[in-house]
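A.B. asks: Residue numbers (mature numbering (1 follows the signal peptide of the UniProt record, and there is no 0)): -20 to -1, 1 to 300. Each residue gets a CB set at the ideal place from its N, CA and C atoms; glycine is no exception. Mind having a look at this structure? Questions to follow.
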């Protein structure tokens, strides 16, 4: 009996094994490995940073129109631009080979870059004749000037040329440069102060403390250039959320040229003629000034970009 049961079990086992050998085998389709990292494609993002000026000393001068000014007052005003900047950028990169990336980027920034400053100039009125000082007494006049400067917004359109390493393809070091433009506001106020001057005989008064003020304002879009460089890095992970993002650190030097404001003022002041008594009526006096100011600043920004490539080929499934 035992021999019969053993033979039956062996027969069933052999039958099952033969049946299993006849069944078809199936293999799961294999997905090709992801393509190597590339910077090719469109991108867009946001940035924030800080801007500082070059510490320019803006020069200005004034001319007393009448009476004649023989020593023209000149001054300088410190133009210490600084402030926060922030905005967004869009661009396109094309990676020619494992180490060369070329692209084009445009950005637009809101800006709080501004400066305030003052200056004082001293001039001389009259010749101060040694023979007859009453005919043309010499005295000083002072010009007090104040300046406000701001860059309310600016943008750039730049080429980018970068290099990367095959061993570290997700790190890009690049140089950049191109067109810059921005809204520049420049305002100046200047006042000319004529101090009193009196001679012994006959009594002459000259200026008697009169002050004349004049203001000017410039508010327009300026066009210039920019250049700089930066570094950009992508995590390049398998996470769908992170693999399309990159972070960057960028430096730019921007020059929007120079603005110049002219102004003048005419008013009344005590007499300038020789032998003018203290009781003489007021005479006319006036001055004109010129103030130039450069708009040059440097920015350091950090940013985040989102990359996508609508022209990339779909993943290929390996077939066997």
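(1) Roughly how far, in whole angstroms, is the beta-carbon of residue 40 from the beta-carbon of residue 272, given that I think they are within contact range, below 8 Å?
(2) When you compare only the Cα positions, how much space is there between residue 285 and residue 67?
(3) Would you tell me roughly how many angstroms separate the C-alpha atoms of residue 95 and residue 130, rounded to the nearest one?
(4) Please classify residue 147 as buried or exposed, where buried requires at least 16 neighbouring CB atoms within 10 angstroms.
(5) Using C-beta distances below 7 Å, list every residue in its chain close to residue 63, excluding the 5 sequence neighbours before and after it, in chain order.
(6) Candidates 206, 100 and 150: which alpha carbon is nearest residue 136's?
(7) Per DSSP, residue 244 is paired with what?
(8) My understanding is that residue 231 touches residue 210, with C-beta atoms under 8 Å, so please give their C-beta distance in whole angstroms.
(9) What's the gap between the Cα of residue 100 and the Cα of residue 58?
(10) In terms of residue numbering, what span does the beta strand (DSSP E) encompassing residue 35 cover?
(11) Can you pull the DSSP bridge partners for residue 235?
(12) Checking the sheet assignment: what are the DSSP bridge partners for residue 172?
(13) In angstroms with no decimal places, state the Cα-to-Cα distance between residue 133 and residue 20.
(14) Using DSSP with H/G/I as helix, E/B as strand and the rest coil, what is residue 214?
(15) Thinking C-beta only, is residue 269 closer than 8 Å to residue 167?
(16) Let's see if you can read the secondary structure: which residues bound the beta strand (DSSP E) around residue 58?
(17) Is the beta carbon of residue 123 sitting closer than 8 Å to the one on residue 200?
(18) By the three-class DSSP mapping on this structure, what secondary structure does residue 17 have?
C.D. replies: If we stick to the structure as given:
(1) Translated into positions along the chain shown, residue 40 becomes position 60. Translated into positions along the chain shown, residue 272 becomes position 292. So it is a contact: roughly 7 Å between Cβ atoms.
(2) Position 305 of the chain shown, counting from 1, holds the residue named residue 285. Position 87 of the chain shown, counting from 1, holds the residue named residue 67. Straight-line Cα distance between these residues: approximately 12 Å.
(3) Along the chain shown, one-based indexing puts residue 95 at 115. Along the chain shown, one-based indexing puts residue 130 at 150. C-alpha separation (whole angstroms): 6 Å.
(4) Within the chain shown, numbered from 1, the residue matching residue 147 stands at position 167. Its Cβ having fewer than 16 others within 10 Å, residue 147 is exposed.
(5) If you number the chain shown from 1, residue 63 lands on position 83. Closer than 7 Å at the Cβ level, and outside the excluded window around residue 63, lie 31, 91, 92, 93 and 94.
(6) Locating residue 136 in the chain shown gives position 156, counting from the first residue. Closest by C-alpha distance to residue 136, out of 206, 100 and 150, is 206.
(7) To locate residue 244, count along the chain shown from 1; it is residue 264. For residue 244, the pairing in a beta bridge is given by DSSP as 268.
(8) Start at 1 with the first residue of the chain shown, and residue 231 comes out as number 251. Start at 1 with the first residue of the chain shown, and residue 210 comes out as number 230. Yes, residue 231 and residue 210 are in contact; Cβ-Cβ is about 6 Å, under 8 Å.
(9) Sequence index remark: in the chain shown, residue 100 carries index 120 (1-based). Sequence index remark: in the chain shown, residue 58 carries index 78 (1-based). Distance from the CA atom of residue 100 to the CA atom of residue 58, rounded to whole angstroms, is 12 Å.
(10) Along the chain shown, one-based indexing puts residue 35 at 55. No beta strand (DSSP E) contains residue 35, which DSSP labels as neither H nor E.
(11) As a working note, residue 235 is residue 255 in the chain shown. For residue 235, which the question treats as bridged, DSSP gives the partners 205 and 276.
(12) As a working mapping, residue 172 is identified with position 192 in the chain shown. The bridge partners DSSP lists for residue 172 are 123 and 192.
(13) Locating residue 133 in the chain shown gives position 153, where the first residue counts as 1. Locating residue 20 in the chain shown gives position 40, where the first residue counts as 1. Counting only the Cα atoms, residue 20 lies some 30 Å from residue 133.
(14) The residue given as residue 214 occupies position 234 in the chain shown. The DSSP-derived three-state label of residue 214 is coil.
(15) The residue given as residue 167 occupies position 187 in the chain shown. The residue given as residue 269 occupies position 289 in the chain shown. Against a cut-off of 8 Å, the Cβ pair of residue 269 and residue 167 comes out as no contact.
(16) Stepping through the chain shown from its first residue, residue 58 is reached at position 78. Residues 54 to 59.
(17) The residue labelled residue 123 in the question sits at position 143 within the chain shown. The residue labelled residue 200 in the question sits at position 220 within the chain shown. No, the Cβ-Cβ distance between residue 123 and residue 200 is not below 8 Å.
(18) To locate residue 17, count along the chain shown from 1; it is residue 37. Correct three-state label for residue 17: coil.
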